[in-house]
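For the sequence shown, the residue numbers in my numbering are 364 to 597.
What follows is one structure encoded as structure tokens, with my remarks underneath.
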Amino acid sequence: MLDAIRALLILQDRDRRLLAIAKDLEKIPQEEARAKSKLAGDEAAVKKAHDELMEAGLRVKKAELDAQTRRTTITRLKMQQFETRKNDEFQAIKHEITRYEAELDAFETKELEAMEEVDQFRIKFNQAEAALAITKGLVNEDLARISERKARDEAERKELVEERTKLAAGISDQILPLYERLMRSKDGLALAPLNEGKCGGCHMKLIASTVINVQSEQQITRCEDCGRILYVEG
Ligand SMILES: [Zn+2]
364 MLDAIRALLI LQDRDRRLLA IAKDLEKIPQ EEARAKSKLA GDEAAVKKAH DELMEAGLRV
424 KKAELDAQTR RTTITRLKMQ QFETRKNDEF QAIKHEITRY EAELDAFETK ELEAMEEVDQ
484 FRIKFNQAEA ALAITKGLVN EDLARISERK ARDEAERKEL VEERTKLAAG ISDQILPLYE
544 RLMRSKDGLA LAPLNEGKCG GCHMKLIAST VINVQSEQQI TRCEDCGRIL YVEG
């Protein structure tokens with residue numbers, strides 16, 4: 364194998380690893396966003412449970428307040444009833460008291476029902492919070508894994524860039540620009556192996572003289588179709 368080809372293959376290997384790292388790093392912000400988005404459902408469930416709990420709490424307070432005003436009214440009416448001397452007025456007040464006592468009874472029932480709801484919603488809220496905590500743990504694990512991968516990628520990239528700079532310095536000025544142009548234009552593959560008379564890059568059948576040139580390993584030979592630098596494997 365030509366020394367120049369051997370050197371270019373090593374360079375291409377490092378460049379392809381750098382491309383793969385760049386591609387991986389590009390995906391990371393999206394993966395982080397996707398991991399975080401897993402929290403949205405559980406956070407909404409916690410908010411809903413919290414709102415329901417607060418509303419039930421307000422219903423307890425309102426029923427308690429309504430009951431309390433009836434109790435005050437009943438106390439006042441009983442006082443009036445006690446003070447009156449007129450029988451018809453006494454009967455009227457008695458009738459009023461009965462009506463208010465029925466209302467009081469209804470509000471007390473309502474208050475008890477709302478208190479039971481508070482208990483139910485508190486259980487639901489606690490469950491939703493527990494579920495969120497579990498999801499948060501998983502999401503944090505995901506984020507930690509992603510961040511470790513990012514750090515690994517960056518460290519590897521740094522090493523590869525240093526190595527690549529040294530390798531590129533050892534390649535002739537006549538070949539390096541061609542190689543770099545091909546890397547950019549040919550999807551990160553500047554060199555292609557000769558494969559049963561075909562170019563391993565574009566898979567087109569090569570003309571006989573090209574095949575002979577590649578096999579003789581005397582000079583840089585390019586695929587007449589895609590322009591990639593050809594080499595004999597092994
Ligand atoms: Zn080709």
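Glycine is no exception: its CB is placed at the ideal position from the N, C-alpha and C atoms.
Since the model is a prediction, treat every value here as computed from it, not as a measurement.
- The C-alpha of isoleucine 384 is placed about 18 Å away from the C-alpha of lysine 549.
- Note on geometry: alpha-carbon atoms of alanine 396 and lysine 386 lie some 17 Å from one another.
- In this structure, Arg547 is the residue among Ser579, Cys565, Asp588, Arg547 with its C-alpha nearest to the C-alpha of glutamine 375.
- Secondary structure note for isoleucine 592: its beta strand (DSSP E) is the uninterrupted segment 592 to 594.
- Within the model, the alpha-carbon separation for arginine 508 versus valine 524 is close to 24 Å.
- Sequence-distant Cβ neighbours of isoleucine 373 in its own chain, meaning closer than 8 Å and more than five residues away, are Leu530.
- For the pair alanine 407 and asparagine 489, the Cα-to-Cα distance works out to about 14 Å.
- As a beta-bridge residue in DSSP terms, asparagine 558 pairs with Lys561.
- Counting C-beta atoms within 10 angstroms of its own C-beta, aspartate 405 has 16 or more neighbours from the protein chains shown and is therefore classed as buried.
- Relative to ligand 1, the nearest heavy atom lies less than 7 Å away from the CB of glycine 564.
- Straight across, the Cα-Cα distance linking leucine 475 with valine 481 is about 10 Å.
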